[in-house]
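Enquirer: Shown below is the structure under consideration.
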Amino acid sequence: MVRRIRKVEKDVPETLGKYVYCVIPSPIKERKSFGNIGFDASEVYTMDYRDLSPVVSDVTYRDYAVDEQEVEIHRNVVEQIMREYSVIPVAYGMAFKSKKLLQIAMSAGYQAMQKALPIVDGKVELGVKVFLPKDLEPMNSAQREDCSADFLQSLLAVSSDSKKLKLFSERLIINSTFLVDKSTMDEFSSQVGKLQEKYHEMKVQYSGPWPAYNFVDIHILGGKRRGFR
Amino acid sequence: MFIIDDIILRSIGISLPGLDMIWTLEQIQKFALKGYYNPEKIRDQIKETRLLYEFGELDRQEYEQMNSQLLHKLDVAQKVLEMDLGSRMDILG
Numbered sequence: 197m198v199r200r201i202r203k204v205e206k207d208v209p210e211t212l213g214k215y216v217y218c219v220i221p222s223p224i225k226e227r228k229s230f231g232n233i234g235f236d237a238s239e240v241y242t243m244d245y246r247d248l249s250p251v252v253s254d255v256t257y258r259d260y261a262v263d264e265q266e267v268e269i270h271r272n273v274v275e276q277i278m279r280e281y282s283v284i285p286v287a288y289g290m291a292f293k294s295k296k297l298l299q300i301a302m303s304a305g306y307q308a309m310q311k312a313l314p315i316v317d318g319k320v321e322l323g324v325k326v327f328l329p330k331d332l333e334p335m336n337s338a339q340r341e342d343c344s345a346d347f348l349q350s351l352l353a354v355s356s357d358s359k360k361l362k363l364f365s366e367r368l369i370i371n372s373t374f375l376v377d378k379s380t381m382d383e384f385s386s387q388v389g390k391l392q393e394k395y396h397e398m399k400v401q402y403s404g405p406w407p408a409y410n411f412v413d414i415h416i417l418g419g420k421r422r423g424f425r
Numbered sequence: 081m082f083i084i085d086d087i088i089l090r091s092i093g094i095s096l097p098g099l100d101m102i103w104t105l106e107q108i109q110k111f112a113l114k115g116y117y118n119p120e121k122i123r124d125q126i127k128e129t130r131l132l133y134e135f136g137e138l139d140r141q142e143y144e145q146m147n148s149q150l151l152h153k154l155d156v157a158q159k160v161l162e163m164d165l166g167s168r169m170d171i172l173g
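These protein sequence lines are chains C and D, in that order.
With our numbering, the residue at position 81 of the first sequence is 277, and numbering never jumps.
With our numbering, the residue at position 1 of the second sequence is 81, and numbering never jumps.
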C-alpha cells in the first residue's frame, strides 16, 4: 500500500531537495557516484562536508511516510554503501529543501558524527529475535529469563555491544541487537547457529548486517525523523 | 483526576448531576478511545504482524490485508490524538 503525503502548496513548483541516506567518512574529496539506485531512480552520490560525506540523491522535496517499498529503497542504498564504507546511519525520511539547509544540518551535527565514527568504524549491527511458536506451551517468566540470559551471554562474547529492544509481542522472548566487528561476523553467525540448534523448538530470526542504527543516536536540530528543512 | 475535581466541587457544594453525568460519560469515552486508538500499541501490532508473516504464520495476502488495516488504524489514532476528542470548552467559567 502506497501512503505518501505530498506537500500541498498551490502555485509553488515542486522543488528538488536532497535526500540523505547515510554519512560516510570522506577519504576522497571528489564526488563519488553509486549509480541510479535512489528514489525515483535518482543518482546516489557523495557531497563534501569537511572530512565527512553525506550520501544523497536529488529528489522531489516531500514528506516520506512509512511505506514498505520506499523503506526498502533506503535500506538497499545503505546496504550497497556499507559494502565499501563504514556508515553513520541516517533515519529514513531525512529530506532537506536545499543544499544550504543540508550543510547547516551537517554543521550542527558535525561533532556528534565525529564521536559516532569510532563506534561504527568497521562494525555492523546484527539483530536476533526469538519467538515462541503458537503451538508451543507458553513459557513462564523464569524460563523466559533463562533463555534470554543464555542468548545474551553467548552472543555478547562475540560482539562489542548489545541493546535490548522492545518486546512488542507477548510471544517474543528476545529482541536484541548486537554491534559486531565485520571481521567476527562469521563467529557471531556460528554462535547464533549453535543457539538455534539448542533451542530448536523456538523460532529464531537472525537479521543484518545493518548500519549501527541502535548504537548511534544523532538528532539534528530537533525532530527524530524530519531533520531540518 | 476527575475524582479529585468532583470531590472539590462537592466540598464547596457545587453539583450539577446532569452535567456531571455527561462529563463522566465523556471521560469514559475518552479513555476507551485512548485505549483503542493507542498509536504505540498499534505500532507493536504492525511489527508483530510483520514477524508472523516472516515466520510463515501468515501468507502474503493475509499479511497485506492486516497491515493495511493497521496502517489505517494508526493514521486514525494519530488524528484522534491530535484532536483530543475528550476535551471541551468550559462554558461555566
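Using N, Cα and C, we set each Cβ at its ideal position, and we do this for glycine too.
Predicted model, so just to flag it, every value in this text is computed and none were measured.
Scan the stretch 129-142 of chain D for residues whose Cβ lies nearer than 7 Å to a Cβ of chain C and list them as they occur along the chain.
Expert: Per Cβ criterion, the list reads L131, E134, F135, E137.
Enquirer: Cβ of D/K110 less than 9 Å from any chain C Cβ?
Expert: Start at 1 with the first residue of the second sequence, and residue 110 of chain D comes out as number 30. D/K110 does not count as touching chain C.
Enquirer: Should the stretch 217-226 of chain C be regarded as contacting the stretch 248-262 of chain C, the criterion being three or more beta carbon pairs within less than 8 Å?
Expert: yes
Enquirer: Going by DSSP, which residues form a beta bridge with C/E239?
Expert: As a working mapping, residue 239 of chain C is identified with position 43 in the first sequence. Answer is none; C/E239 lacks a bridge partner.
Enquirer: Decide if C/G419 is buried, meaning its Cβ has at least 16 other Cβ atoms within 10 Å, or exposed.
Expert: Mapped onto the first sequence, residue 419 of chain C falls at position 223. Its pLDDT being 44, under 50, C/G419 is placed unreliably by the model, and nothing is read from it.
Enquirer: Using the C-alpha atoms, what's the distance from C/S356 back to C/T380?
Expert: Taking the first sequence and counting its residues from 1, the one referred to as residue 380 of chain C is at position 184. Taking the first sequence and counting its residues from 1, the one referred to as residue 356 of chain C is at position 160. Distance between the alpha carbons of C/T380 and C/S356: 10 Å.
Enquirer: So, does the CB of D/K127 fall closer than 9 Å to a CB anywhere in chain C?
Expert: Here residue 127 of chain D refers to the residue found at position 47 when the second sequence is read from its first residue. D/K127 counts as touching chain C.
Enquirer: For C/V412, tell me which candidate among C/G305, C/F347, C/F327, C/R271 has the shortest Cα-Cα distance.
Expert: By 1-based counting over the first sequence, the position of residue 412 of chain C is 216. From the listed residues C/G305, C/F347, C/F327, C/R271, the smallest Cα separation to C/V412 is found for C/G305.
Enquirer: Using 9 Å as the limit for Cβ to Cβ distance, is C/F364 near chain D?
Expert: Here residue 364 of chain C refers to the residue found at position 168 when the first sequence is read from its first residue. Yes, because at least one Cβ of chain D sits closer than 9 Å to the Cβ of C/F364.
Enquirer: Between D/A157 and the rest of its own chain, which residues show a CB-CB distance below 6 Å, the 5 nearest in sequence each way excluded?
Expert: Looking up residue 157 of chain D in the second sequence gives position 77. Contacts found: Y117, P119, I122.
Enquirer: Do C/Y257 and C/G234 have their C-beta atoms within less than 9 Å of each other?
Expert: By 1-based counting over the first sequence, the position of residue 257 of chain C is 61. By 1-based counting over the first sequence, the position of residue 234 of chain C is 38. Contact check for C/Y257 against C/G234 fails: the beta carbons are separated by 9 Å or more.
Enquirer: For D/L135 and C/K225, what's the separation of their Cα atoms in angstroms?
Expert: Taking the second sequence and counting its residues from 1, the one referred to as residue 135 of chain D is at position 55. Taking the first sequence and counting its residues from 1, the one referred to as residue 225 of chain C is at position 29. A small correction: the amino acid at residue 135 of chain D is Phe; Leu does not occupy that position in the sequence shown. Each residue's alpha carbon lies about 45 Å from the other.
Enquirer: Just the Cα atoms here: how many angstroms apart are C/R202 and C/Y260?
Expert: The count along the first sequence starts at 1 and reaches residue 202 of chain C at position 6. The count along the first sequence starts at 1 and reaches residue 260 of chain C at position 64. Bear in mind that the predicted position of C/R202 carries a pLDDT of just 40, short of 50, making it too unreliable to give a figure here.
Enquirer: Have a look at D/M163 and D/W103 and give me their C-alpha separation to the nearest angstrom.
Expert: As a first step, residue 163 of chain D is located in the second sequence; it is residue number 83 there, counting from the start. As a first step, residue 103 of chain D is located in the second sequence; it is residue number 23 there, counting from the start. Answer to the nearest angstrom: the Cα atoms are 18 Å apart.
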